[in-house]
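Reading through the structure tokens given below for one structure.
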Amino acid sequence: MDNRHAALGLNDDALVAMYEKMLLTRLLDERAWVLNRLGKVHFLVSAQGHEACQVGAAWALRPGVDWLLPYYRDLGVILTIGMTPRDYLLALLAKAEDPNSGGRQMPSHWSYPPLNIFTGSSPVGTQVPHAAGIAYGAKLRGDDIVVYVSFGEGTASQGDVHEGMNFAAVHKLPVIFLCQNNRYAISVPQQKQMAVENVADRAAGYGFPGVVVDGMDPLAVYAAMQEAVERARRGEGPTLIEAKVYRLTPHSSDDDDRTYRPREEVEEWKRRDGVARFKEYLMGVGVWTEEADQELRRRLLAEIDAAVEYAQAAADPEPSDLLRHVYAE
Amino acid sequence: MDNRHAALGLNDDALVAMYEKMLLTRLLDERAWVLNRLGKVHFLVSAQGHEACQVGAAWALRPGVDWLLPYYRDLGVILTIGMTPRDYLLALLAKAEDPNSGGRQMPSHWSYPPLNIFTGSSPVGTQVPHAAGIAYGAKLRGDDIVVYVSFGEGTASQGDVHEGMNFAAVHKLPVIFLCQNNRYAISVPQQKQMAVENVADRAAGYGFPGVVVDGMDPLAVYAAMQEAVERARRGEGPTLIEAKVYRLTPHSSDDDDRTYRPREEVEEWKRRDGVARFKEYLMGVGVWTEEADQELRRRLLAEIDAAVEYAQAAADPEPSDLLRHVYAE
Amino acid sequence: MATKTLLEAIRDALIEEMRRDERVFVLGEDVGRRGGVFRVTQGLIDEFGPARVLDTPLAESLIVGVAIGAAAYGMRPVAEIQFADFIHPAMDQIINEAAKIRYRSNGAWGCPIVIRAPYGGGVHGALYHSQSVEALFHHVPGLKIVAPATPYDAKGLLKAAIRDPDPVLFFEHKKAYRSIRGEVPEEEYVLPIGKADVKRPGEHLTVITYGYNVHLCLEAAARLSRDEGIEAEVIDLRTLLPIDKETILTSVRKTGRVLISHEDTKTGGIGAEVAAIIAEEALFYLDAPIVRLAPPDVHAMPFNGRLEAAFMPTVEQHYAAMRDLARF
Amino acid sequence: MATKTLLEAIRDALIEEMRRDERVFVLGEDVGRRGGVFRVTQGLIDEFGPARVLDTPLAESLIVGVAIGAAAYGMRPVAEIQFADFIHPAMDQIINEAAKIRYRSNGAWGCPIVIRAPYGGGVHGALYHSQSVEALFHHVPGLKIVAPATPYDAKGLLKAAIRDPDPVLFFEHKKAYRSIRGEVPEEEYVLPIGKADVKRPGEHLTVITYGYNVHLCLEAAARLSRDEGIEAEVIDLRTLLPIDKETILTSVRKTGRVLISHEDTKTGGIGAEVAAIIAEEALFYLDAPIVRLAPPDVHAMPFNGRLEAAFMPTVEQHYAAMRDLARF
Ligand SMILES: Cc1ncc(C[n+]2csc(CCOP(=O)(O)OP(=O)(O)O)c2C)c(N)n1
Ligand SMILES: Cc1ncc(C[n+]2csc(CCOP(=O)(O)OP(=O)(O)O)c2C)c(N)n1
Ligand SMILES: [Mg+2]
Ligand SMILES: [Mg+2]
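Here's what the structure looks like:
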């Protein structure tokens with residue numbers, strides 16, 4: 000197997016570290032489903048099928064320097080940039096200690112100032128103008144940062160996405176738009192959402208590059224991100240990256256995708272699973288073994304176990320917290 | 000001079016008739032400014048510089064069959080499709096008989112059911128989803144109509160324009176989007192609005208043709224419209240036509256454009272004025288003379304005089320009308 | 000009579016109206032094959048096809064804008080906003096367009112659209128799947144707002160909304176969808192928009208409410224009657240715009256005591272207008288200050304169950320408020 | 000003290016704050032070279048440059064969204080919405096985003112933005128250049144709403160708004176821009192958000208109002224005093240959210256008669272909340288029913304001068320309403 004990572008400036012350790020984040024994302028997500036089915040978690044939205052894209056994307060960002068507006072599916076992004084399974088589980092179980100929202104928001108509504116992760120909401124697409132605004136602030140200050148903002152292909156139909164991209168283009172802002180195209184907005188398939196093959200084709204209409212990449216391949220996403228980051232830091236403006244992915248699970252724990260997706264389609268995509276493929280690549284280039292994999296899984300599961308335990312034992316907010324933080328205190 | 004109109008299926012009479020509408024639009028608009036400066040008209044928004052585009056566009060539509068959502072600058076469109084100077088003046092003077100709104104809306108907020116002109120508002124861009132909805136209604140009914148909707152290049156920054164175009168594309172709706180690009184949104188020049196040369200380039204991102212035409216040339220606009228109409232009626236979906244025009248006056252009677260537009264630029268465009276150029280074309284192909292022109296002007300001015308007189312004598316709404324038509328009566 | 004859930008009654012109304020009138024069609028996110036995220040439109044696509052059960056792109060302003068256009072063309076669109084919390088991107092289309100189309104065209108055009116939206120909390124929906132948004136619209140002339148509490152009302156009022164010549168916002172409480180059941184006649188009926196309903200007669204105090212809180216109030220009233228012989232008259236507004244002043248004032252003049260209750264937060268809620276109407280038109284009938292029972296002015300509502308519970312109105316709160324008011 | 004128009008006072012506040020704090024910048028449509036369509040930002044671009052006096056594309060949701068992002072990055076954006084009538088496309092960004100950022104992040108993020116918007120009628124603005132939109136926001140926790148009536152208040156409150164850690168909607172009455180003049184101190188001052196101002200003391204009745212209507216009320220009160228010796232206390236709310244209950248209740252307890260006045264339409268207006276507060280907390284002090292003086296529930300407001308005049312509140316209406324109330 001050809002070594003594709005060296006050319007991207009990734010050494011073997013980095014490669015393994017990327018794989019570790021992908022596997023962590025997958026295992027943590029799977030655990031969330033288990034907790035949901037056990038009745039311990041009211042709601043979850045899944046990242047399965049998006050891990051390669053997310054870890055590849057976040058790998059190109061500088062933790063604590065660059066800014067992130069990840070969307071609800073971006074578990075892999077926030078884990079790669081530095082949030083922990085514990086952070087995720089505290090939110091999943093809506094505990095007081097949840098660093099995202101103190102248990103106020105649904106899980107996967109990220110927010111974490113220490114890593115410049117700006118708070119996100121549920122209404123999709125609203126984060127895109129925020130990303131442009133953050134980048135504009137940085138431009139006013141002369142700061143050398145990059146802003147990452149992501150969304151699904153369904154969200155690309157929203158006016159805010161259009162408005163935000165256009166503004167970023169006008170001011171050549173250092174924003175990277177990552178559209179994770181999993182072909183469905185809940186049940187609505189791509190052909191009912193748009194008449195084009197690629198969301199990335201819209202970038203030309205704003206005046207910046209639009210790139211399509213295989214979102215099941217973290218190296219492809221990383222390569223596209225790296226280029227976009229460099230472009231942004233050179234002051235040349237935004238890039239829209241469209242990563243073709245597939246959601247391997249229902250939309251959320253409240254969804255049942257059997258009404259709208261043929262099982263064969265799901266099975267077909269499972270065979271192309273990015274996590275498994277990346278493991279094969281690692282083994283192919285000789286930096287990974289089945290034993291190492293087992294060992295890693297054990298370690299990650301132990302970490303997740305500990306985080307679950309911690310989060311379950313953590314305290315709920317006080318009822319009186321309801322009244323706090325409506326305005327500055 | 001080459002005959003360009005025959006190839007478009009326009010005979011000499013049609014050519015003269017188009018010119019007549021252009022001249023009528025110009026003279027009526029000029030009269031509105033006079034009335035404003037005389038203190039008889041509170042507000043007007045001008046069409047000067049857009050006449051060629053507007054008459055060329057409306058010429059391709061079937062009055063009473065096709066539907067129109069013209070924007071506030073579209074005086075030439077509504078005159079061509081069949082509204083009268085009197086209709087315009089009744090609105091300009093906010094009289095009870097104003098067929099657009101009974102004196103409720105600002106002038107140039109068109110509405111006229113007999114000609115399928117749907118009521119428009121001031122918030123820009125909202126008409127674009129309406130156009131898509133009308134076309135979707137027609138599709139549901141199996142009706143063979145085309146929907147015309149127009150807006151300025153500034154308005155193309157609005158989310159609604161994006162959402163409406165995308166929907167029209169998904170359902171291959173018979174909508175023609177006419178963007179009248181006069182390079183300014185009030186004072187904001189194109190380069191502060193977008194990083195691209197052509198709004199039309201966005202059409203590709205939705206999956207339909209985007210065409211740039213010289214909006215100072217009614218034949219060029221007519222040709223593009225004709226093609227778009229045929230495409231729409233064949234069920235192949237929408238077209239975005241971008242007509243490059245220039246506003247020869249301030250934005251409105253409340254504006255002063257000297258702060259933001261160099262006089263030389265305005266003068267330069269005045270030399271390219273579509274009305275004058277079309278007259279030259281008519282004379283060049285031998286269907287028009289200076290005498291005929293003087294005669295036409297006299298006739299149009301007389302028509303306008305009569306309309307002004309009628310409108311000035313027309314009654315105001317009754318104060319009690321204030322309470323009507325909030326809900327169906 | 001059959002017993003139906005609120006959700007079934009709404010679905011039945013949609014199906015009956017679509018059968019009755021070809022011009023009626025539904026549009027929204029996931030309304031097609033998925034049958035809506037709550038399953039309200041389940042099965043419709045099979046009977047009426049994808050053109051009349053239209054899965055739209057994910058864009059609320061578009062959904063309402065397309066409905067407005069289709070209505071102008073003579074259709075009777077029923078737009079679904081997946082959660083009321085996502086109606087905000089469409090506020091320009093609703094407030095500046097739909098509501099004003101008749102007025103601004105001097106009556107020449109109308110806007111017969113219905114916008115259905117599931118609202119309300121107590122369902123672990125957190126800040127963006129729990130909101131009550133009715134108060135954001137009750138200041139807007141030209142709109143009608145309906146928020147039924149029972150399957151019977153929901154069906155009859157949704158049919159009325161679809162036949163109404165003006166834009167109607169139709170809010171469906173998520174918690175009531177499957178938990179509230181009631182009798183619904185087999186035969187066709189339509190209920191008038193703009194009329195409140197006295198859900199329980201009583202002489203000691205008037206309780207004015209709507210939506211899920213109707214059920215809390217009725218339960219509290221029943222207990223209060225049993226425990227203390229206090230008879231509360233419970234008025235279900237049903238229509239929030241226009242408000243049925245007559246029913247309110249008649250009751251207030253009778254009882255002299257008023258509790259206004261809603262799940263929506265207090266300041267600037269529907270209860271403010273109800274209180275103002277009474278203070279203007281029946282002040283001297285009052286034997287006690289008007290009381291508004293509503294959650295505090297915080298964002299409805301946190302995900303954590305304890306915080307959610309701290310937000311949501313309860314039967315106990317209503318019981319106590321009614322009792323205190325009766326004793327005042 | 001210098002005499003300034005409302006517009007000049009606002010411009011001065013912007014300039015002083017931009018000089019004081021580098022983080023402050025203005026953005027909106029035509030705010031740059033054009034200086035705003037009302038000329039509020041005239042000259043700013045020369046002093047502060049186009050990056051801090053930013054002409055945006057024509058997209059209100061974007062304007063607010065960019066302001067939110069820039070604020071997150073540590074800036075202090077002052078966004079201008081060209082007319083309040085065009086704020087609706089930004090309602091999702093204001094209500095679902097700006098207002099909730101602090102709450103949803105459990106206090107970790109803030110949203111120190113100001114949104115300025117010219118509002119109000121009587122200027123031949125027709126249906127889309129005359130609206131009062133404050134009531135669409137007063138139900139939203141997390142927002143503050145300011146609507147000053149005088150140059151002095153405008154300057155002091157805009158400075159406070161810019162320094163406020165939370166999102167502030169700042170509504171400027173178009174008719175007042177150049178017609179209302181008043182004394183403004185040379186030296187720096189800031190006024191507290193959340194405090195009403197008794198613009199005229201009186202003992203016979205309380206008039207609660209804001210915006211341009213303050214001037215109508217003051218004139219009516221002066222005439223009434225002169226003609227009939229009736230002394231109205233005129234309270235200018237100044238801040239509409241949060242409402243200054245104390246000032247209202249203190250006055251009502253003193254006079255026992257309440258007229259609430261606004262240019263915005265009646266149903267669901269700010270006056271509803273004011274009336275409700277009084278009916279809850281000072282009912283037994285009332286000697287007369289509460290009166291709301293506000294335009295009818297129609298779309299504000301038609302272009303035709305007669306219709307506009309039929310809509311707009313007048314001094315005469317206020318005079319009559321105050322007199323009738325005093326005599327009640
Ligand atoms: C404004 C808004 N409307 C509707 C929803 C409900 N909703 C949540 S996710 C979703 C689909 C999003 O699809 P896409 O953008 O493709 O992202 P994906 O979930 O497929 O990753 C919808 C409709 C929402 N969150 N926000
Ligand atoms: C939503 C909205 N925001 C702001 C305005 C104020 N406004 C009226 S016209 C205009 C500029 C429009 O520019 P463009 O779309 O290019 O059309 P043009 O007037 O140049 O023909 C603006 C900002 C408005 N009418 N609607
Ligand atoms: Mg998707
Ligand atoms: Mg323009």
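Residue numbers (numbering that gives the first Met the number 0), protein chains in the order written: chain C, 0 to 328; chain Z, 0 to 328; chain P, 0 to 327; chain D, 0 to 327. Think of the CB as a built atom: it goes at the ideal place given N, C-alpha and C, for glycine as much as any other residue. Since the structure is predicted, the reported quantities are computational estimates derived from the model, not experimental observations.
The CB of P:Pro191 never comes closer than 7 Å to any CB in chain Z; the least such distance is about 14 Å. Here the region 155–167 of chain D makes contact with the region 96–116 of chain D; the two share three or more CB pairs at distances below 8 Å. With a cutoff of 7 Å on beta-carbon distance, P:Ala83 and P:Ile62 are scored as not near each other. Contact annotation: the region 209–228 of chain Z touches the region 55–68 of chain Z, with at least three C-beta pairs closer than 8 Å. Bounds of any beta strand (DSSP E) do not take in C:Pro106, whose DSSP letter is neither H nor E. Counting only the Cα atoms, P:Asp91 lies some 29 Å from D:Ala50. Not one heavy atom of ligand 2 is found less than 6 Å from the C-beta of D:Phe37. Looking only at P:Leu142, P:Ala309, P:Val251 and P:Ile276, the smallest Cα-Cα distance to D:Val290 is reached by P:Ile276. Taken in chain order, the whole alpha helix (DSSP H) runs of length 4 or more contained in the region 43–96 of chain C are 50–57, 74–80 and 84–91.
When the five nearest sequence neighbours on each side are left out, no beta carbon in the same chain lies closer than 8 Å to the beta carbon of C:Val325.
C:Arg232 is outside the set of residues whose beta carbon lies under 7 Å from a beta carbon in chain D. Taking a cut-off of 6 Å from the heavy atoms of ligand 3, the residues with a C-beta inside it are C:Gly151, C:Glu152, C:Gly153, C:Asn181, C:Tyr183 and C:Ala184.
Between the C-alpha atoms of D:Val273 and P:Pro295 there is a straight-line separation of about 17 Å. The closest heavy atom of ligand 2 lies 6 Å or more from the beta carbon of Z:Val76. Looking at the backbone, the Cα of Z:Arg257 and that of Z:Val195 are separated by about 25 Å.
Taken through DSSP and simplified to helix, strand or coil, D:Lys265 comes out as coil.
For the pair D:Thr208 and D:Val257, the CB atoms are not nearer than the 7 Å cut-off.
When Cβ pairs closer than 8 Å are counted between the two stretches, the region 65–80 of chain D is seen not to touch the region 173–180 of chain C, the count staying below three. Taking a beta-carbon distance threshold of 7 Å, D:Lys194 does not count as an interface residue toward chain P. Remark: the shortest separation between the CB of C:Val123 and any heavy atom of ligand 1 falls under 6 Å.
Around D:Ala97, the same chain offers Val63, Ile67, Cys110, Ile112 and Pro166 as residues with beta carbons nearer than 7 Å, after the five sequence neighbours per side are excluded. For P:Glu218, the enclosing alpha helix (DSSP H) begins and ends at Asn212 to Glu227.
A check of alpha carbon separations from C:Val212 across C:Val44, C:Glu226 and C:Tyr135 identifies C:Glu226 as the nearest. For the region 274–287 of chain D, the beta-carbon criterion of a distance under 9 Å to any beta-carbon of chain P is satisfied by Ala274, Ala275, Ile276, Ile277, Ala278, Glu279, Glu280, Ala281, Leu282, Phe283, Leu285 and Ala287. For D:Arg32, a Cβ of chain Z is located within less than 7 Å of the residue's own Cβ. With contacts defined by Cβ atoms closer than 7 Å, C:Leu67 and C:Tyr147 form a contacting pair. Closest by C-alpha distance to Z:Asn181, out of Z:Gly119, Z:Tyr18, Z:Glu241 and Z:Val286, is Z:Glu241.
Within the region 58–88 of chain P, complete alpha helix (DSSP H) segments of at least 4 residues are found at 59–71, given in chain order. According to DSSP, residue pairing for P:Gly181 in a beta bridge involves P:Lys3. Counting every other CB atom within 10 Å of its CB across the protein chains shown gives C:Val64 a total below 16, marking it as exposed. Flagged as an interface residue toward chain Z: P:Asp165, by a C-beta distance shorter than 7 Å.
Fully contained in the region 224–254 of chain P are the following alpha helix (DSSP H) runs of length 4 or more, in chain order: 244–254.
In the DSSP annotation of this structure, the continuous segment of the alpha helix (DSSP H) that includes C:Leu26 starts and ends at Asp11 to Arg36. Less than 7 Å divides the Cβ of D:Val183 from the Cβ of D:Lys154.
Here C:Gly141 is exposed. Its C-beta has fewer than 16 other C-beta atoms within 10 Å. By the Cβ test, the region 14–31 of chain C is in contact with the region 303–314 of chain C, since at least three Cβ pairs between them sit closer than 8 Å.
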